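Report on the following structure.
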Amino acid sequence: MKVVAVRLALLALVLAAWQLLPSRGIVNPLLLPPLGEVLQMLGDLLQRAQVREALAVSCAEVLVAFVIAVPLGAALGVLIAENDYLGQVFKPALFVVFAIPKSIFLPLFILVLGVSFQQKVAYAAFTTTFVVLMSAAAAVESVKQDYLLVARSYGATQLQLVTRVYVPSMLPLLLETLRISMIFNFTGVLIAEMYASRTGIGHLIASWGENFQMKQLFAGVILLAAAAILFNEALRWMEHRVSTWRA
Amino acid sequence: MSAAIEVEGLSHVYGGTVPALEDISLRVPAGRFTVIVGPSGCGKTSLLMMLAGLRTQTRGSITCLGRPIPQPDPERVGVIFQEASLYPWLTALENIEFPLSLRGTPKDEMRRRAEAMLELVGLTGFGARYPHELSGGMKQRVSIARGLVQDPPLLLMDEPFAALDEQTRMTMGHELLRIWSTTSKTVVFITHSLTEAVYLADEVLVMSARPGRIIDRIAIDLPRPRTYEMMATEEFGRLRDRIWRQIRKPD
Amino acid sequence: MPAPATVRRALLVGLLVLWELVPRLGLIPELFLPSMSKTLTVLWHDARIYGHALLVTLMEVALAMLIACGGGILAGAAVGGFARLRNLLLPVVSSLYAVPIVILYPVFTAWFGVGSESKVAFAGIYAFFPVLLSTAAGIQTIDPQFLVAARSMGASLRQQIVRVVIPASLPTVFAGLRLGGALAIIGVVVSEMLTAAAGIGYLVTLNRTILDSPRVFAAILMILLLSIAYYVLSRALERRFVVWQSAGKPLQLAQASTQSTV
Chain W
150 MKVVAVRLAL LALVLAAWQL LPSRGIVNPL LLPPLGEVLQ MLGDLLQRAQ VREALAVSCA
210 EVLVAFVIAV PLGAALGVLI AENDYLGQVF KPALFVVFAI PKSIFLPLFI LVLGVSFQQK
270 VAYAAFTTTF VVLMSAAAAV ESVKQDYLLV ARSYGATQLQ LVTRVYVPSM LPLLLETLRI
330 SMIFNFTGVL IAEMYASRTG IGHLIASWGE NFQMKQLFAG VILLAAAAIL FNEALRWMEH
390 RVSTWRA
Chain Y
24 MSAAIEVEGL SHVYGGTVPA LEDISLRVPA GRFTVIVGPS GCGKTSLLMM LAGLRTQTRG
84 SITCLGRPIP QPDPERVGVI FQEASLYPWL TALENIEFPL SLRGTPKDEM RRRAEAMLEL
144 VGLTGFGARY PHELSGGMKQ RVSIARGLVQ DPPLLLMDEP FAALDEQTRM TMGHELLRIW
204 STTSKTVVFI THSLTEAVYL ADEVLVMSAR PGRIIDRIAI DLPRPRTYEM MATEEFGRLR
264 DRIWRQIRKP D
Chain U
-4 MPAPATVRRA LLVGLLVLWE LVPRLGLIPE LFLPSMSKTL TVLWHDARIY GHALLVTLME
56 VALAMLIACG GGILAGAAVG GFARLRNLLL PVVSSLYAVP IVILYPVFTA WFGVGSESKV
116 AFAGIYAFFP VLLSTAAGIQ TIDPQFLVAA RSMGASLRQQ IVRVVIPASL PTVFAGLRLG
176 GALAIIGVVV SEMLTAAAGI GYLVTLNRTI LDSPRVFAAI LMILLLSIAY YVLSRALERR
236 FVVWQSAGKP LQLAQASTQS TV
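Residue numbers (my numbering), protein chains in the order written: chain W, 150 to 396; chain Y, 24 to 274; chain U, -4 to 257.
So this is what it looks like as structure tokens:
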């Protein structure tokens, strides 16, 4: 409890500083508007149609990309985990893949699909698939061989192995996969929108920045940060609920 | 024979509330091999830590070789732990030299003494290996060599063979007795294995469950050098049995 | 079945061959995929421009690494080493990890302009948290028995730190450097692509807008080579200096995949 109190105190401190330092002029309020004004602007923005539309577009992109990436990545991940040979061939390559900035492929997506909804979705799905792949492979590999052996020795069919051993064993990891993949997915969509787009909240934030509309910019930052954290914590809570049996 | 270790009325309480050890008194004569056995959590490791100067007792006195031991004193008391805890970035030989290097011993002397210890534990030729290249038994031998390199008259060992498989344990026990017989040190050895206790010891001290007290002292009169064949004798079985009954007794 | 490594190399060669032939045969328009030879030719032609851009990028990466690795490793060691700090801050940091840091980039460009400062700031912060988390986790894997053993051998506090803690932390520090560098490169490249006036990422964007595909691909190729070179170099250094770690834990792929969100 004491720890939570200290954290809340730290948070309060940061928020207070955000309000007081600019409003007292210690920090240039043109560069960092006071928190109060930013929150006011946020309330304002949420009522504007333009902003609502942008949010809707971004949401749609995030969802569609997710729906594409998760099954695709999961299938590939399971494949790599189950098939030793494929795993040996591709795993070292994957290490390198993760060391590369995937954003460099954004221009390729634009060249082929133009600046469009499809392009942003394709790019985000592209980046997210790799993460899902890795997490899924790790989840499959995490199922202890012992558990499978016991089930098989009792005559479990393949289907039973999947439903009675794999799934319950992997459930917490699967939720973690979803959680982490969403972080990447969200980032991918935002980058695509900031890079070249006429719609979406990423584009709005970028143009507010370009036009020095700092209040709007910070309002957008707070909104997105809050959304990301909320989603993350919600999934984390669910993970926690299903993993009470984990060490 | 003068006492190498004298413990008088030692008690210890964890964190001010949990009694760990209660009124322990013992005398270990010089040159003797004493084994301590007891159920898990009875405080035997804590007792050892206090004998080593790594922990301070709440009450009571400890003297090693006539002086108290408020801090670790590796030239007086060598300590061997259950985990060999060899530093993975040093070779076996460098690990053995480590305590000497802490004291700024000149390089050639360090090398000479370390190699002598390596030979003593039967690992000549393995000095340049890194810990990850050694088996469990070999790592423990290096750990023992490290504990012996400063030639302390007193050796404390906390279940050093617990992490090894049974066959290696038996070999190591035998090796330990060989090393001990050539160096006439005083040894205090903790173990969970009753067979090991009877095989190695001159005297076995049995501790009760927490708070730990000494509930029996059993003299092991088997002739030395000890052999594997002795384990099959009736006498051996009787001694083992006695220890087991003491440990099993509900308090 | 052929050895996995051979298959990988064969696939790589196959990809390069496709890169050359597919555009040439007109299967994909040159606008979408310029042939490898065209790309390399352009790169050779404009070597000075690309070289200069590479230097700008490298400088930004180096500075960002200073922030991320210097700060991240020290902070990570502190957080990992002290249970109180750890319990206090670690959950906070891992919650913050969920926030896409790119949203801060417009803030940095508004504050620092379009030049290198904003890139360094962004990439520095971007790499900072993962390095912190990785170092904190790594510090915790150090066997506490090491210090007990050192104490039993009569080591002073100074000796415990210099002779035990520091050598034992080397693998973690190297991992932090490798991670920080990789993330710094990614952060710098992304920010250069978004708003910049110089650097390799900038060249990607510049040439894309004028639809000069070979030059776009040349820039992309350079970035690929840079990332791969850094990866290979840092792994080699790690193996060389932390040779005793080779028997220890190999880098977990799942870990590696989640360290960069870009």
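Each residue gets a CB set at the ideal place from its N, CA and C atoms; glycine is no exception. The structure displayed is predicted, hence computed values, not measured ones.
query: So, is Y:Lys130 buried or exposed, given that buried needs 16 or more other C-beta atoms within 10 angstroms?
result: exposed
Check your understanding: At which residues does the alpha helix (DSSP H) containing W:Ala205 begin and terminate?
Key -> Ala198 to Glu231
Residue span of the beta strand (DSSP E) that contains Y:Val210, given as start and end
Thr209 to Ile213
query = Going by alpha carbons, who is nearest to W:Cys208 out of W:Thr306, W:Thr348 and W:Arg173?
reply = W:Thr348
**Asked** Under 8 Å between C-beta atoms, does U:Lys244 make it to chain Y?
**Response** Only weak support is given to the placement of U:Lys244: the predicted model assigns it a pLDDT of 47, under 50, and the value that follows is read from those uncertain coordinates. Chain Y, which has no Cβ nearer than 8 Å to the Cβ of U:Lys244, makes this no.
Query raised in the report: Is the shortest distance between the beta-carbon of U:Pro101 and the beta-carbons of chain W less than 8 Å?
Result: yes
Check: DSSP state of Y:Ala26, grouped into three classes?
Finding: strand
Is Y:Leu171 near Y:Gly76, with beta carbons less than 8 Å apart?
-> no
Under 8 Å, with one C-beta from each stretch per pair, do the segment 217 to 231 of chain W and the segment 154 to 162 of chain U reach the 3-pair mark? no
Excluding the 5 residues preceding and the 5 following Y:Met254 in the sequence, name in chain order all residues of the same chain whose CB lies nearer than 7 Å to its CB. Thr218 and Tyr222
Leaving aside the five residues before and after U:Pro245 along the sequence, list all residues of the same chain whose C-beta is less than 7 Å from its C-beta, in chain order. With a pLDDT of 49 at U:Pro245, under the threshold of 50, the modelled position of that residue is not reliable, and the figure given next carries that caveat. Nothing meets the Cβ criterion.
> Buried or exposed: where does U:Gly9 fall if 16 or more other Cβ atoms within 10 Å of its Cβ makes it buried?
Replying inline: exposed
Exercise for the section: Name, going along the chain, the residues of the segment 131 to 149 of chain U whose beta-carbon falls closer than 9 Å to a beta-carbon of chain Y. Expected result: Asp138, Gln140, Phe141, Val143, Ala144, Ala145, Arg146, Ser147, Met148 and Gly149
**Request:** Measure the alpha-carbon distance for Y:Leu72 versus Y:Arg78 and round it to whole angstroms.
**Result:** Contrary to the premise, residue 72 of chain Y reads as Met rather than Leu in this sequence. Y:Met72 and Y:Arg78: Cα-Cα distance of roughly 6 Å.
| Cβ of U:Pro162 less than 8 Å from any chain Y Cβ? | yes
I'd like to know whether the C-beta of Y:Tyr110 is nearer than 8 Å to at least one C-beta of chain U. yes
Q. Less than 8 Å separating the beta-carbons of Y:Arg240 and Y:Glu45?
A. no
Could you tell me whether the segment 79 to 94 of chain U touches the segment 29 to 40 of chain U, using the rule of 3 or more Cβ pairs below 8 Å? no
From W:Thr393 to W:Val155, what does the alpha carbon distance come to, in whole angstroms?
-> 27 Å
inquiry  = Can you tell me whether W:Asn381 sits near the ligand SAM, meaning its C-beta is under 7 Å from at least one heavy atom of the ligand?
reply    = The ligand SAM is not part of this structure, which contains no ligands at all.
Which two residues bound the contiguous alpha helix (DSSP H) that contains W:Ile332? Val316 to Tyr344
Can you pull the chain U residues whose beta carbon is under 9 Å from the beta carbon of W:Phe258, in chain order? None at all; the shortest Cβ gap to chain U is about 10 Å.
Under 8 Å between C-beta atoms of W:Val289 and W:Val314:
no
Taking all protein chains shown into account, do 16 or more other C-beta atoms lie within 10 angstroms of the C-beta of Y:Phe56, making it buried, or fewer, making it exposed? buried
Original post:
If we cut at 8 Å on Cβ distances, does W:Glu382 have a partner in chain U?
Top reply: yes
Margin query: So if I threshold CB-CB distances at 9 Å, which residues from the segment 120 to 133 of chain Y count as touching chain U?
Written below: Phe121, Pro122, Ser124, Leu125 and Arg126
Determine which residues of the segment 358 to 388 of chain W have a Cβ less than 8 Å from any Cβ of chain U, and write them out in chain order. Gly358, Glu359, Phe361, Met363, Leu366, Phe367, Gly369, Val370, Leu373, Ala374, Ala377, Ile378, Phe380, Asn381 and Glu382
Are the CB atoms of Y:Ala183 and Y:Ile103 nearer to each other than 8 Å? For the sequence presented, residue 183 of chain Y should be read as Pro rather than Ala. Contact flag set, yes.
Legend entry - Range of the contiguous beta strand (DSSP E) that encloses Y:Arg240: Ile237 to Ala242
Give the straight-line distance between the Cα atoms of U:Ala170 and W:Ile371, rounded to the nearest whole angstrom.
32 Å
* Asked: With Y:Thr214 and Y:Val58 assumed to form a contact (beta carbons below 8 Å), what rounded beta-carbon distance in angstroms separates them?
  -> 6 Å
(message) Less than 8 Å between CB atoms is the rule here; does U:Val168 satisfy it with respect to chain Y?
(response) no
Notebook entry, point to check: Going straight from the alpha carbon of U:Ala63 to that of Y:Ala168, what length do you get?
Noted result: 43 Å
Output the distance between the C-alpha atoms of U:Tyr121 and U:Ala59, rounded to the nearest integer angstrom. 9 Å
Looking at W:Ile350 and W:Ala203, is the spacing between their C-beta atoms short of 8 Å? yes
Three or more C-beta pairs below 8 Å linking the segment 67 to 81 of chain U and the segment 118 to 137 of chain U = yes
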